[in-house]
Every structure is written in C-alpha cells, then in structure tokens.
Amino acid sequence: MKMFTHKQKQMSDFSNAVLRMTPIAAGCAILLSASAGSAFAQQADTVKNDAATPENVVVVTGIRRGIEAAISVKKNASSIVEAISAEDIGKLPDTSIAESLARLPGLSAQRVNGQAQQISIRGTSGDLSTVTLNGREQVSTSASRTVEYDQYPSELISAATVYKTGDASLVGQGLSGTVDLQTVSPLAFGGRTVALNARGERNSLGSVSAGAPSTGNRFSASYIDQFANRTIGVALGFAHSDKPNVNNFFETWNWVDGINGVPAGVKAPQGIKGIVYSGNSKRDGVIAVLEWRPSKAFTSTVDAYHSKLEQNEVRRGIEVPFESWSGAKFSDLTIVNGLAVAGNINASPVIRNNSLNKDSEITAFGWKNKFTVDQWVAIADVSHSSANIHEKLIEINSGRGAGNIAYNYNNGKDIPTFTFSDNLADPAAVAIGGKFGDGYVNAPALTDKLNSLRLSLKRDFEDGAISSVEFGVNYSKRDKTKEHLETGFDKVGSGTFASTVLNAPQNLSSVGLPDSLSWDIPAVLGANFGPYKPAVLNPWGATKKLVADRESVNRLCQIKS
1 MKMFTHKQKQ MSDFSNAVLR MTPIAAGCAI LLSASAGSAF AQQADTVKND AATPENVVVV
61 TGIRRGIEAA ISVKKNASSI VEAISAEDIG KLPDTSIAES LARLPGLSAQ RVNGQAQQIS
121 IRGTSGDLST VTLNGREQVS TSASRTVEYD QYPSELISAA TVYKTGDASL VGQGLSGTVD
181 LQTVSPLAFG GRTVALNARG ERNSLGSVSA GAPSTGNRFS ASYIDQFANR TIGVALGFAH
241 SDKPNVNNFF ETWNWVDGIN GVPAGVKAPQ GIKGIVYSGN SKRDGVIAVL EWRPSKAFTS
301 TVDAYHSKLE QNEVRRGIEV PFESWSGAKF SDLTIVNGLA VAGNINASPV IRNNSLNKDS
361 EITAFGWKNK FTVDQWVAIA DVSHSSANIH EKLIEINSGR GAGNIAYNYN NGKDIPTFTF
421 SDNLADPAAV AIGGKFGDGY VNAPALTDKL NSLRLSLKRD FEDGAISSVE FGVNYSKRDK
481 TKEHLETGFD KVGSGTFAST VLNAPQNLSS VGLPDSLSWD IPAVLGANFG PYKPAVLNPW
541 GATKKLVADR ESVNRLCQIK S
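Last residue of the sequence shown: 561 (UniProt numbering), numbering continuous.
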C-alpha cells in the first residue's frame, strides 16, 4: 500500500510537471514514464543498496560538450534562438566568430577579401541586426549599424546566442535578429584553467605583389582562477591574429550604346578594370573579468574588452575607360546579338597603385550586480561601449598615352582577351597622370559612443501557469560622428619615376592583362607630390537618447534535469 501511495504521489508530481512543459517535451516525458512505471517496485527494494554504491561521474568535454551546451540553451530559451558554445576554453569551432555564426540555420556570412566579416540573419541586410556583449548593446565600426565581426576574436568568446524573435529582456534588439556574444564566468569553472593556442597559415597564391605577405599567424592565451574560498574569480584573455589577404579582381563596366566608333543600337563596354589586391589584417584583443560572489544571494561582475584591428591593403593594376569622354574609339568590330564582342580600341590605359589603411578600435566595459532574495532577482547593470575608426585611401595614377587594344569577349573563357600594343611596365614611357588625374586621398574618421544603465526585477513561481514575471527599465545615450576628408592632388615636376621607388612589374596574368608598372606608394607620394590638405566634406553627427521600460510574463515552464 505504501508502494502504491508512493507511486501515486510520483505520478501526481509528474502530471503537474507535464502541464508546465512544452508539447514536445511533454510527449517525450510521457513516453519515458510508460517504460519507467514497472521499475518503481524494483527501485524501492534496491534503494538502500544504491545509496551505498558510489556514483560514477561522466564528464563530457570537447566538441560534444559544446554541442550539448548549445542544445541546452535552445531548450531553455523562451523565444526562438540559435546557439553555439566553445568546445573548450578559448576554442570555438571555427577560426572566427563570424564563421561560427554562419554555421547556424538561417545565418550566412558576407566575406571581405576572403574573411567572414558581416552576418546576415534570414537573408536580410547586416544593418538590420545588432550585437550585444554579455547582454549589453555594442557600437559598430561602420557608418551604419552594420557590425563587423572580425573585430571580435573567437578565442575570447565562450558562447553566442542568436535571437530570431523579439524578446522583452533584450536591449537594443535588431529588426532581423540580435546576436549576444558571451565571455566566460570565472566562478563557473571548477579550478584554475590555463589555455594556450598557436596556429600558422600560408596563402596558397604566395606573394602576389611587391611587399605582400604570404604567411600569417594566430595565437591566444587565457587564464582563469578563483581565490578567497571561491568567492572571487578572475579571467584574463589575449588573442593576436595576423592574416594575409589576397584578391585577384577583373571587372567589365556596363555595356552601353553611343560610344565612338560603335554603330547606333550596338552596345559596347564602358571600360575594364584588372586589379591585384594584397595586404594583411592585424588584430589584438584583450578581455578581463572580475567576479565576486560573497554569498549565494549576491554576485558582482566587472568585465572589460578591448580590440584593435589594423587593415593594410595595396591595389595594383590597370583601368581603361572606353567611353567617349576619354577619347577612346572602337574599330573593326565583331557584332553578335547587338553586342560588340570583339574588335580594336584606341584608348588610354591608367596604371594604378593605391593603398588603403584602416585602424579600428573597440572598447567595452560593464559592471553588473545581481541580488537574489527567495524567489526575487534584482539586477543593476551599467556599461560603456565606444569605437574609433580612422581610414586613409591614397590613389596614384599614371599612363603613357593612347594605344591600340585588341579585345575578344567571344573567346570561350571566363575572362576576355586583351592585347595591348604598348608596354605598360616601361618606366621610361610611363609618367604620373592620366584620365583619372594625378592623385586622390580619402580619409574618413568615425567615432561612436554608447552609455547605458539597466535595472530589472524578476519573480519566479514554482507552481501555476506562470513561471516568472519580470519588470525593467533601460536608459541609453549614443553619440555617433563622422568626418569625411578628401581631396585631389597634383604632381610636382614631370611625374617620371626614379629608379629607387620602382618595384618589379606587377603580374596581372591572373586577370588576363599584361604586366604593369609597380612602385613604392609612400616613396612616390613624398618624391612626386607636394604637401596636401584634405577638405572636410559632409561631416555629420547623431545623438540618440532612449528610455525604455519593459514587462514580461513567462507562461512556459521547463522541467530541470
């Protein structure tokens, strides 16, 4: 009789729990209960023996632990989310946080120079989503809201959650979704933990341009420890990355009619461009977390994050305008379906050596205090996030005048054939100047700052249809400004190149064009151009203040295992 009463009580508790579960979880629980019912009597007889038997502890590590942690986040979430978790300290499944996020359903990465940089959620633009770090809204390193994820080293991120639907608890959520990046909690670890990672990489194309790196490296170090009888936890992390970037680029401009030498109603290309991009991206990131938990009722956490990204790029190649304004003229044309797919052009090629340097810095820190009294949880969180971006594009153009170019788009290859009558790598014949002017500089600068304060109060319920009720308020102030500096500049003297500033000719065979003249851009800028002062064009600034209150009622409960 006691056994029946015990069983009846367990089934009653189980029934109440099922009412608070999701339909899928409830179905699984009912199925498991059917197979477990016949075992109650046997378990009652052996309970004493089991109590004396030591339990075997199974510790899951590596990629399986990361997968199980991500599944647990999805199961316990009150909204539609996707999640990833590091398989070990300082080790996400991929080399960058953007590549890891792109593995999730409904997410894709946009690559810049081969590196995953932006994330699209459900096919929407990247500026429709936002990023938070430990639940705090972050600024962006672009003129829009688009977040550049290469600013966040994956070694310093322990987990990420993508919210595909709105949630009242989210701060600064985006229209398409919100990505929350999380750092480690040092008191969540069982003891001192140290992790070191080192990797190397080599570009299979080698050094495609003068001074271009062909190898890179990546290393990181993480330290986690606890002190004062596990009431104080410390986590420190550093990550360095130096990656080579290579890109071979060919482009045909629009096909239009009305160009010199082309019959009426026949379309011909406006021009072509063949450029070899080379350079590298250097990034250093550091994170520090201090956690204090004097009792189960109070936890205070201070965390800081800083990242600096330096991107250096050199662009060498040829551009040829075919439009009438450039003086170009077509002849001996082969016309197929109204397109001039082959023939000759008398045009003036422009030999270009450009450089792009971009420095981006992100700083974020926050102080979170959590109070727990019975079923009440109060949180006070203050944070700051800022970004500074400085960019400089320098263009130097040269040419040797008009010459004949034979072209053929009907060659059956991916890239059309172009044969130039003149040698574009002859320093005796090439001088600074051309159809695009002598030179140009563009140097935008952007600053983004965000300060915020968040207060919330939550009440949990063990029984009933409502599992929790939460109230909160969030205040934030964001200031974003941009200066756009640019100007053209003229050469000093004849524009010829000294032998000391020249490199070996730039090989453009990868884009189907002949070799072109290559030079040291800073040296030519100093030797062939005078002082210049960029003009400030279209500066702008914006300030946003937001005070938002929120209330949420969670009616979906989960059974904790």
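C-beta atoms are modelled at their ideal positions from N, C-alpha and C, and glycine is treated no differently.
This structure is a prediction, so every number in the text was calculated from the model and none was measured.
Of the residues the options, the one placed nearest residue i, counting alpha carbons only
{"i": "S209", "options": "G261, E313, G237", "result": "E313"}
{"i": "P427", "options": "S398, K480, A406, G403", "result": "S398"}
{"i": "S386", "options": "H306, W367, G403", "result": "H306"}
{"i": "V256", "options": "G206, P321, T487", "result": "P321"}
{"i": "K435", "options": "S176, G401, S499", "result": "G401"}
{"i": "I396", "options": "I432, G412, W367, V382", "result": "I432"}
{"i": "I351", "options": "G174, D515, S144, R122", "result": "D515"}
{"i": "G258", "options": "Y532, S142, A328, E462", "result": "A328"}
{"i": "S241", "options": "N411, S96, L508", "result": "S96"}
{"i": "K296", "options": "I67, R230, L424", "result": "R230"}
{"i": "D332", "options": "P522, N260, Q138, V302", "result": "N260"}
{"i": "T215", "options": "I224, R202, Y223, V289", "result": "R202"}
{"i": "E486", "options": "A465, Y223, A535", "result": "A535"}
{"i": "L517", "options": "G123, T334, A425", "result": "A425"}
{"i": "L502", "options": "I521, K413, A304, Q138", "result": "I521"}
{"i": "W540", "options": "S72, D479, K243, I335", "result": "D479"}
{"i": "N357", "options": "F330, S281, T334", "result": "S281"}
Residue environment, residue i, which counts as buried when at least 16 other CB atoms sit within 10 Å
{"i": "P294", "result": "exposed"}
{"i": "S326", "result": "buried"}
{"i": "T543", "result": "exposed"}
{"i": "V171", "result": "buried"}
{"i": "L537", "result": "exposed"}
{"i": "I84", "result": "buried"}
{"i": "V373", "result": "exposed"}
{"i": "G206", "result": "exposed"}
{"i": "E82", "result": "buried"}
{"i": "L133", "result": "buried"}
{"i": "L546", "result": "exposed"}
{"i": "P105", "result": "exposed"}
{"i": "R315", "result": "buried"}
{"i": "D549", "result": "exposed"}
{"i": "S360", "result": "buried"}
{"i": "G271", "result": "buried"}
{"i": "W519", "result": "buried"}
{"i": "F461", "result": "exposed"}
{"i": "Q375", "result": "exposed"}
Same chain, Cβ closer than 8 Å to residue i, five either side skipped, listed in chain order
{"i": "Q117", "result": "A98, A109, Q110, R111, E148, Y149, D150"}
{"i": "residue 570", "result": "Summary: the structure shown does not reach residue 570, with the chain confined to residues 1 through 561, and so no result is reported for it."}
{"i": "S38", "result": "Any answer about S38 is weak, because its pLDDT of 42 lies below 50 and its placement is not dependable; what the coordinates show is given next. Here the set comprises nothing."}
CB-CB length for residue i against residue j, believed under 8 Å
{"i": "L453", "j": "A378", "result": "Not confirmed; about 14 Å, so no contact."}
{"i": "D438", "j": "F497", "result": "So it is not a contact: roughly 13 Å between Cβ atoms."}
{"i": "F298", "j": "F371", "result": "6 Å"}
{"i": "N442", "j": "L393", "result": "4 Å"}
{"i": "W253", "j": "P263", "result": "About 20 Å separates the two Cβ atoms, so there is no contact after all."}
Close beta carbons around residue i, own chain, < 7 Å, minus the five adjacent residues each side
{"i": "Y407", "result": "A342, G343, I345, P416, T417, F418"}
{"i": "A188", "result": "none"}
{"i": "N404", "result": "N344, N346, S421"}
{"i": "G338", "result": "G265, V266, K267"}
{"i": "V492", "result": "N528, F529, G530"}
{"i": "residue 577", "result": "An answer regarding residue 577 cannot be provided, because it is not within the stretch 1 to 561 covered by the chain."}
{"i": "T141", "result": "E148, Q151, S360, I362, A387, I389"}
{"i": "K302", "result": "Going by the sequence as given, residue 302 is Val instead of Lys. Excluding positions up to five away in sequence, the list reads L290, W367."}
{"i": "residue 576", "result": "Since the first residue shown for the chain is 1 and the last is 561, residue 576 is missing from the structure and cannot be characterised."}
Chain-order list of residues whose beta-carbon lies under 6 Å from that of residue i (same chain, five-residue window excluded)
{"i": "K273", "result": "E251, E319"}
{"i": "G285", "result": "P153, L156, A239, S307"}
{"i": "S278", "result": "V208, S209, A212, V246, V314"}
{"i": "T447", "result": "N388, T481"}
{"i": "R199", "result": "R218"}
{"i": "S383", "result": "R136, G366, S452"}
{"i": "S300", "result": "W292, N369"}
{"i": "H484", "result": "P444, L537, N538"}
{"i": "A235", "result": "V184, P186, I224, V289"}
{"i": "G237", "result": "L156, S222, I287"}
Test: residue i CB closer than 8 Å to a CB of chain C
{"i": "V73", "result": "Checking the listed chains, one finds no chain C in this structure; it contains a single protein chain."}
Near the ligand COA: residue i beta-carbon under 7 Å from a heavy atom
{"i": "N503", "result": "As presented, the structure is devoid of all ligands, the ligand COA included, so that no description of it is given."}
*asked:* For a minimum of 3 consecutive residues, which ranges assigned as the beta strand (DSSP E) are wholly contained in the region 172-256?
replied: Within the region 172-256, complete beta strand (DSSP E) segments of at least 3 residues are found at 177-182, 193-202, 215-227, 232-252, given in chain order.
Tell me the start and end of each unbroken beta strand (DSSP E) in the region 261-300 that is at least 3 residues and wholly inside, in chain order.
271-295, all fully within the region 261-300.
Every unbroken beta strand (DSSP E) inside the region 426-478 [3 residues or more] | Runs of the beta strand (DSSP E) inside the region 426-478: 439-460.
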